[in-house]
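Reading the sequence shown from the start, the letters are residues 0 to 906 in numbering that gives the first Met the number 0.
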Amino acid sequence: MDLKERIIAYMRNEAYKPLAEEDLGEALGLTDEELVDFAGALEELEEEGAIIKNRSDLYGVPSRMHLVVGRISMTAKGFGFIIPDVRETEAETDVFVPANAVGSAMNGDRVVARVMPAQEEGRSREGEIIRIMERANEKIVGTFERSKTFGFVTPDNVKLTQDIFVAKKNFKGAKTGSKVVVKITKWPSGRRSAEGEVIEVLGKVGDPGVDVLSVMRQYELSESFPEDVQAEAAATETEPDPEEYAGRADRRDLQIVTVDGEDSKDLDDGVYARRNPDGSFFLGVYIADVSHYVREHAPLDREAYARGTSVYLVDRVIPMLPKELSNGICSLNAGVDRLSMACEMQISPEGEVLHYEILPTVIHVYRRLTYNIVNKVLVDKEAPFVADNEDILPMLKTLAELRGVLKAKRHRRGSIDFDLPEVKVKLDEKGHPVALIKREGSLAESIIEECMLIANETVARHMDTKNLPFMYRVHEQPSEEKIERLNNLLATFGLYVKRDEAGQIQPMDVQKVLEKVEGRPEEKIISTVSLRSMQQARYSELSLGHFGLAARYYTHFTSPIRRYPDLIVHRLLRETFATGSLPKERQIKLKAVLPEIADHTSQRERVAIEAERETTDMKKIEYMAQFVGEEFTGVISGVTAFGIFVELDNGVEGLVHVSTMTNDYYEYVEEQYAMIGERTRTQYRLGDEVAVILARANVEERNLDFVLKDNGQYVPEKPAQKSNGSKKGKGDKKPKIARNKKQNKPLLEDELIAEPMLTEEEDKQKEQRNGKKRHGHKKRGASGEKLSQPQKQEGEGRKAKTDRQRRQGKAERADKDNRAGAGSFRGDGRSRNREERRSDKEAGYHRVYVTGLNSAVWPDPPGYHEKKERELASAAAKAEKEKAKKSRGSRRPRPHRKTEGGTGNSK
0 MDLKERIIAY
10 MRNEAYKPLA
20 EEDLGEALGL
30 TDEELVDFAG
40 ALEELEEEGA
50 IIKNRSDLYG
60 VPSRMHLVVG
70 RISMTAKGFG
80 FIIPDVRETE
90 AETDVFVPAN
100 AVGSAMNGDR
110 VVARVMPAQE
120 EGRSREGEII
130 RIMERANEKI
140 VGTFERSKTF
150 GFVTPDNVKL
160 TQDIFVAKKN
170 FKGAKTGSKV
180 VVKITKWPSG
190 RRSAEGEVIE
200 VLGKVGDPGV
210 DVLSVMRQYE
220 LSESFPEDVQ
230 AEAAATETEP
240 DPEEYAGRAD
250 RRDLQIVTVD
260 GEDSKDLDDG
270 VYARRNPDGS
280 FFLGVYIADV
290 SHYVREHAPL
300 DREAYARGTS
310 VYLVDRVIPM
320 LPKELSNGIC
330 SLNAGVDRLS
340 MACEMQISPE
350 GEVLHYEILP
360 TVIHVYRRLT
370 YNIVNKVLVD
380 KEAPFVADNE
390 DILPMLKTLA
400 ELRGVLKAKR
410 HRRGSIDFDL
420 PEVKVKLDEK
430 GHPVALIKRE
440 GSLAESIIEE
450 CMLIANETVA
460 RHMDTKNLPF
470 MYRVHEQPSE
480 EKIERLNNLL
490 ATFGLYVKRD
500 EAGQIQPMDV
510 QKVLEKVEGR
520 PEEKIISTVS
530 LRSMQQARYS
540 ELSLGHFGLA
550 ARYYTHFTSP
560 IRRYPDLIVH
570 RLLRETFATG
580 SLPKERQIKL
590 KAVLPEIADH
600 TSQRERVAIE
610 AERETTDMKK
620 IEYMAQFVGE
630 EFTGVISGVT
640 AFGIFVELDN
650 GVEGLVHVST
660 MTNDYYEYVE
670 EQYAMIGERT
680 RTQYRLGDEV
690 AVILARANVE
700 ERNLDFVLKD
710 NGQYVPEKPA
720 QKSNGSKKGK
730 GDKKPKIARN
740 KKQNKPLLED
750 ELIAEPMLTE
760 EEDKQKEQRN
770 GKKRHGHKKR
780 GASGEKLSQP
790 QKQEGEGRKA
800 KTDRQRRQGK
810 AERADKDNRA
820 GAGSFRGDGR
830 SRNREERRSD
840 KEAGYHRVYV
850 TGLNSAVWPD
860 PPGYHEKKER
870 ELASAAAKAE
880 KEKAKKSRGS
890 RRPRPHRKTE
900 GGTGNSK
């Protein structure tokens with residue numbers, strides 16, 4: 000047990016309280032040598048989240064401090080879930096984090112949260128994020144919007160719910176509508192958004208290729224390789240040296256064939272089979288020997304590890320290795336010699352491996368075939384294809400026969416087969432989708448699949464029985480919760496999956512249930528829920544078996560060109576060829592590094608799957624946009640509280656929101672995977688067939704909206720209005736609406752932004768101009784009568800107000816522009832109160848208050864003080880008159896028409 004393991008074990012099992020560093024070291028009884036490494040070990044454990052240091056500088060284990068460490072997965076609605084790094088018990092579920100407890104965390108961040116127990120049985124624990132340990136989004140891809148003084152980026156990833164503020168100096172040429180990559184320079188804190196700088200402008204939204212390029216940047220996928228990696232690839236030989244054949248079995252005389260897709264270039268597996276006289280089969284699986292060219296810790300190896308896997312996007316392949324290797328020296332191209340790692344097996348007529356040998360070889364691929372060619376020969380038996388492959392026809396038939404034997408053997412032991420069709424998007428030369436092609440499994444693909452499966456199992460068993468460090472592909476038991484939910488559904492159909500004393504199920508029991516419902520109405524719902532009950536396969540240093548395949552041993556051996564774990568498998572096999580084992584020192588080192596490699600490559604695999612799915616879905620939606628308003632038939636593929644998901648026959652999936660279901664109030668019944676109407680009792684259940692209308696296809700948001708044909712109303716979206724400058728056709732004229740060109744609405748005091756002060760001479764000139772304009776025009780009242788001169792002056796006042804309105808409009812437009820450029824700055828003008836404004840006037844300044852910006856102080860205009868003095872003198876005289884009136888007594892009451900002559904009490 001190393002020092003870090005000792006620290007964790009003591010703090011979990013023996014320490015009854017958080018401890019200071021000195022107390023912990025003393026309690027462990029460390030030697031002088033261990034004390035040297037003690038501080039570093041504590042720091043590493045803290046970085047890993049295995050221990051927590053609190054505000055009092057005391058160390059404790061998260062679980063005993065009611066804390067959890069893990070990565071947060073956000074939702075578009077602002078809340079998230081923390082996936083714990085460590086689960087000590089099954090009760091330690093994911094932690095729900097409400098939006099008000101997320102703090103400044105962003106999707107994917109590694110965080111520490113304070114946890115409260117679940118309020119109800121079966122629900123997640125709830126927590127509040129108190130610390131961010133590691134940031135996950137240093138670079139973000141999004142759409143740029145700019146104003147005069149600042150800009151912001153709206154992330155493409157809907158799980159990133161805050162815009163990124165970009166100062167003007169960091170625009171780097173980006174314009175509104177540009178797709179950009181922004182680098183975070185300041186993380187969000189409190190109510191402040193994150194800040195960043197544009198580091199790359201990908202192009203304008205909608206330009207060809209920009210959509211896929213943005214996904215590549217979002218997932219940090221690069222087609223280019225670092226210089227040192229490219230240099231090593233360029234220096235690699237283009238053909239194997241005959242001297243390298245030494246120590247390898249020569250298999251160049253065998254009719255080895257490769258069978259791949261039409262456009263495949265990285266051919267990493269070949270097969271050969273023959274029938275033995277005793278009825279058994281010989282099967283040779285020959286895999287490109289990538290480990291011969293990619294040496295441990297070399298630049299090629301470091302880059303391959305970082306990438307983890309090749310990524311197959313909708314319009315391109317991002318390889319794990321440079322093309323000099325993936326398409327060149329490592330690819331098993333026909334007609335040339337290649338180095339390979341082989342698994343040669345003798346297989347009984349029942350499919351059992353009787354004998355095997357794993358060894359390095361040199362091969363010469365006899366012919367390159369495609370899935371289409373093999374199907375034309377074996378299934379369709381088309382004469383031209385059969386004639387072209389007459390020389391290898393016996394071997395192809397043997398492969399087909401062996402495929403049947405191996406498949407039957409897997410079925411007998413309980414292997415679960417989910418036949419899921421694959422949808423491929425066909426693109427034109429500009430990258431626009433022109434067709435969706437649904438690919439079903441074929442005989443040719445099944446032949447290659449069975450050959451690869453048996454080779455993977457044989458290699459895994461070989462290394463597991465040797466009890467040596469190795470890399471496995473594992474698929475674990477479904478969780479108890481998912482088994483329970485599956486059985487609840489099956490109970491409604493009189494079915495049940497048996498569980499043993501430990502609460503586990505066997506693959507064969509799931510297989511039997513699927514066979515019982517085959518062809519029945521409930522087949523779709525049961526197969527879908529069964530598939531979703533499965534765990535996600537991953538890589539591990541432990542041999543845990545593969546539940547879905549019902550295999551005790553399993554690994555990935557067959558694709559080292561495009562999967563890093565396969566390369567590790569080849570490397571470890573090679574090290575055992577000399578002695579059949581590994582040195583003890585090497586075993587210790589491998590046991591330390593293999594878990595990290597397994598976790599990293601599992602994570603990179605998930606990234607690749609997400610990127611592949613996102614680009615494919617993006618093109619599917621773009622393709623479907625042309626069919627908005629049309630009817631389709633689909634199957635309900637998901638049911639949630641907010642609606643049902645419907646999958647069409649072409650593999651496209653969209654949402655029917657519950658708000659569009661108009662004939663009833665619908666309730667989500669989770670146990671039945673259904674939406675049920677309260678009054679009509681109409682049910683929409685997982686697997687049901689429904690008719691829908693495509694209402695909306697949004698490529699940017701990457702979603703489709705449907706409405707039910709018999710329970711919804713389709714309202715076509717209005718097309719975008721034409722701009723003022725666009726030309727209208729003859730039929731586009733609209734009737735004119737009578738309206739006043741000049742509005743005399745008086746300005747409110749709060750609306751007035753600035754009124755320039757004029758000198759006496761300027762006042763006279765203005766009055767003269769206004770008088771000329773009004774000359775010859777008669778003013779009339781509401782009844783048409785001619786107005787008197789005082790009323791005419793009122794009209795002049797209204798005219799003056801119209802002038803002020805015009806100035807106000809300009810000021811408001813300027814104000815609007817300034818507010819758009821204000822960004823996250825808090826303008827002082829917003830917070831200034833009336834007392835401050837009054838004090839400004841008393842100070843003798845003429846101030847302009849602009850909403851959203853700091854107040855601007857202008858110098859006094861000419862004549863300001865003289866006019867101010869006249870106004871004060873006039874106000875004083877008026878006050879004296881009012882005072883004099885009051886001193887003479889109360890005013891005489893206004894005469895009423897019935898008492899116009901006065902009253903008896905009047906004086």
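Just so it is clear, CB atoms sit at the ideal spot from N, CA and C, and this is done for glycine as well. Because the structure is a prediction, the values reported are computed rather than measured.
Taking all protein chains shown into account, do 16 or more other C-beta atoms lie within 10 angstroms of the C-beta of residue i, making it buried, or fewer, making it exposed?
{"i": "V35", "result": "exposed"}
{"i": "R519", "result": "exposed"}
{"i": "F631", "result": "buried"}
{"i": "T925", "result": "Since the first residue shown for the chain is 0 and the last is 906, residue 925 is missing from the structure and cannot be characterised."}
{"i": "F149", "result": "buried"}
{"i": "G843", "result": "The predicted model places G843 with a pLDDT of 40, which falls under 50 and marks its position as unreliable; any figure quoted below should be read in that light. So G843 counts as exposed."}
{"i": "E133", "result": "exposed"}
{"i": "V378", "result": "exposed"}
{"i": "K619", "result": "buried"}
{"i": "H555", "result": "buried"}
{"i": "T464", "result": "exposed"}
{"i": "F469", "result": "buried"}
{"i": "L44", "result": "buried"}
{"i": "A434", "result": "exposed"}
In the DSSP output, which residue or residues are listed as bridge partners for residue i?
{"i": "A690", "result": "T632"}
{"i": "Q345", "result": "F281 and H354"}
{"i": "D268", "result": "I286"}
{"i": "N697", "result": "N702"}
{"i": "T308", "result": "R562"}
{"i": "D249", "result": "V361"}
{"i": "V200", "result": "V179"}
{"i": "T464", "result": "T464 is not bridged to any residue."}
{"i": "H545", "result": "H474 and A550"}
{"i": "I675", "result": "E666 and Q682"}
Closer than 7 Å by C-beta to residue i: which residues in its own chain qualify, once you throw out the five before and the five after it? Chain order, please.
{"i": "E748", "result": "With a pLDDT of 38 at E748, under the threshold of 50, the modelled position of this residue cannot be trusted, and the question is left open."}
{"i": "M623", "result": "V651, L693, A696 and L703"}
{"i": "D663", "result": "G676, E677, R678, T679 and T681"}
Excluding sequence positions up to five away, which residues of its chain have a Cβ less than 8 Å from the Cβ of residue i?
{"i": "Y365", "result": "L253, Q254, I255, V256, A333 and I391"}
{"i": "G195", "result": "I139, V152, I163, F164, V165, N169, V181, K182, I183, T184 and K185"}
{"i": "S177", "result": "T142, F143, V200, L201, G202, K203 and V204"}
{"i": "P477", "result": "L485, I504, S532, M533, Q534 and F546"}
{"i": "G246", "result": "P359"}
Less than 8 Å between the C-beta atoms of residue i and residue j, yes or no?
{"i": "Y909", "j": "I362", "result": "No statement about residue 909 is possible, as the shown extent of the chain runs from 0 to 906 and does not include it."}
{"i": "Y304", "j": "C329", "result": "no"}
{"i": "D206", "j": "M617", "result": "no"}
{"i": "D84", "j": "S123", "result": "no"}
{"i": "A272", "j": "M462", "result": "no"}
{"i": "N374", "j": "S441", "result": "yes"}
{"i": "K158", "j": "M73", "result": "yes"}
{"i": "Y471", "j": "A454", "result": "no"}
{"i": "V634", "j": "V691", "result": "no"}
Got a sec? Which residues, its chain only, sit under 6 Å from residue i by beta carbon, not counting five neighbours each side?
{"i": "H569", "result": "S290, M340 and P559"}
{"i": "S325", "result": "D265, P318 and I560"}
{"i": "E356", "result": "E343"}
{"i": "L467", "result": "L581"}
Sorry if obvious, but does the Cβ on residue i come closer than 7 Å to a heavy atom of the ligand MN?
{"i": "P318", "result": "Here there are no bound small molecules, and the ligand MN is not part of this structure."}
Considering only residues of the stretch 467-501, which uninterrupted alpha helix (DSSP H) runs meet the minimum length of 4 residues and lie entirely inside it, listed in chain order? 479-490
Let me know the alpha helix (DSSP H) ranges lying completely inside the stretch 28-58, each 4 residues or longer, listed in chain order. 31-47
Pick out the complete alpha helix (DSSP H) segments inside the stretch 381-430, 4 residues or longer, and give them in chain order. 382-387 and 392-412
Entirely enclosed beta strand (DSSP E) segments - the stretch 72-125, minimum 3 residues: 79-83, 94-96 and 109-115
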